[in-house]
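First up is the structure itself, then whatever we jot down about it.
Number of protein chains: 2
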Amino acid sequence: MASDVISTDRVEEANVYSAAGDKLGSIDDLMIDKVSGQVCYTALEFGGFLGIGTDRYPIPWSMLKYDVAVDGYVVPLDKTQLEGAPRYSSDAVPDYDDIYRSSVDKYYGL
Amino acid sequence: MASDVISTDRVEEANVYSAAGDKLGSIDDLMIDKVSGQVCYTALEFGGFLGIGTDRYPIPWSMLKYDVAVDGYVVPLDKTQLEGAPRYSSDAVPDYDDIYRSSVDKYYGL
C-alpha cells in the first residue's frame, strides 16, 4: 500500500469538488463492504445551509479521485447533476442492499 | 459486491474474537488507504477496564475474518499474543507511514 493510510474519521472530513474546482460538499460517511473492507460508496453531504437540512447523496467510490492539490476528492459531477441524484435524509439512512446499490449505480451510468 | 455494505460507523462497533471464541475487544477505528478506499488496518480496543486505559492495537485487516455466527470478526490471535503486540495510547495515534506499517506487519509475520 503506497498511499497514505489514515483513519476513516479523517477521510470523512474531506471535501469533494467538481472537475471545474467547485466545492460540492464533504464526505459524511463511508459505506464499506464489511467482509472485504473496501469502500463502496460515500455519503456526500451536499446542499443545505450551515449544515442544516443537508441530505446525503450516495456516490459510488469509483467516481471519487483523490487530488493532492486540493487534499480532497474530485468527482465528474456538477451541482446540477447532483440536484437530480438519489439522496436521503441524514436521519433516514437506507439499507445499502443490492437493489438500492443498483439504483444508485444506474443513475451514475455504472 | 455481494456482501453487506454498511457504514464504517457500524464496523467500528464490531467485536473481535479469538479462534477459540474469546472476545478480545472491539474495533475502535479503521485505517484506510485514502486513494484506493481499502481498509488496511483496524485499531483494536483491547484491555483496560470499562473503557478506561485501553490502548489501541493495530491489526492488519487481512487477519480479520468476518463471522456471521458472531456478527463480528475473528483473528488468529489470543490474549497472550496481543499482550506483546504493537500498541499505542488512544490519545497518541501514530502516523501509519511505511515504517510503522512495516513494523506492525513484521510482528504479525506478514
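Chains P and W, in that order, give the protein sequences. Position in the first sequence (first residue = 1) + 36 = the working numbering. Position in the second sequence (first residue = 1) + 36 = the working numbering. The beta-carbon is built from N, C-alpha and C at its ideal position, and this holds for glycine as well.
Where the alpha helix (DSSP H) through residue i begins and ends
i	result
Tyr-143/W	134–143
Asp-45/W	44–47
Leu-118/P	115–119
Sheet register partners of residue i (DSSP bridge)
i	result
Thr-78/W	Leu-66/W and Ile-95/W
Ser-125/P	Asp-91/P
Ser-54/P	Val-111/P
Gly-83/W	In the DSSP output, where bridge partners are listed per residue, Gly-83/W has none listed.
Val-41/P	Asp-69/W
Nearest-angstrom Cβ-Cβ length linking residue i and residue j, presumed shorter than 8 Å
i	j	result
Pro-96/W	Val-140/W	7 Å
Ile-68/W	Val-75/P	7 Å
Ala-55/P	Val-106/P	Contact flag wrong, Cβ pair sits at about 11 Å.
Asp-40/P	Lys-101/W	In fact, because the Cβ distance is near 26 Å, the residues do not count as touching under 8 Å.
Thr-90/P	Leu-66/P	Going by Cβ atoms, the distance from Thr-90/P to Leu-66/P rounds to 17 Å, so no, they are not a contact pair.
Leu-118/P	Tyr-93/P	6 Å
Chain W contact residues for residue i, given Cβ-Cβ distances below 7 Å
i	result
Gly-73/P	Gln-74, Val-75 and Trp-97
Lys-70/P	Ser-39, Asp-40, Ile-42, Val-47 and Tyr-102
Chain-ordered neighbours of residue i on chain P, where CB pairs are closer than 9 Å
i	result
Leu-113/W	Near Leu-113/W there are no residues of chain P at all, since even the closest Cβ is about 17 Å away, more than 9 Å.
Tyr-132/W	Asp-40, Val-41, Ile-42 and Ser-43
Range covered by the beta strand (DSSP E) that runs through residue i
i	result
Asp-103/W	101–103
Residues that residue i contacts on chain P, provided the C-beta gap is smaller than 8 Å
i	result
Asp-65/W	Ser-43, Thr-44 and Asp-45
Any non-hydrogen atom of the ligand ADP closer than 7 Å to residue i Cβ
i	result
Arg-92/W	With respect to small molecules bound, the structure shown includes none, and the ligand ADP cannot be examined in it.
Quiz prompt | Residues within the segment 43–56 of chain W neighbouring chain P, beta-carbon criterion of under 9 Å | solution = Using a CB distance below 9 Å, the part of the segment 43–56 of chain W facing chain P consists of Ser-43, Thr-44, Asp-45, Arg-46, Val-47, Glu-48 and Ala-50, ordered along the chain.
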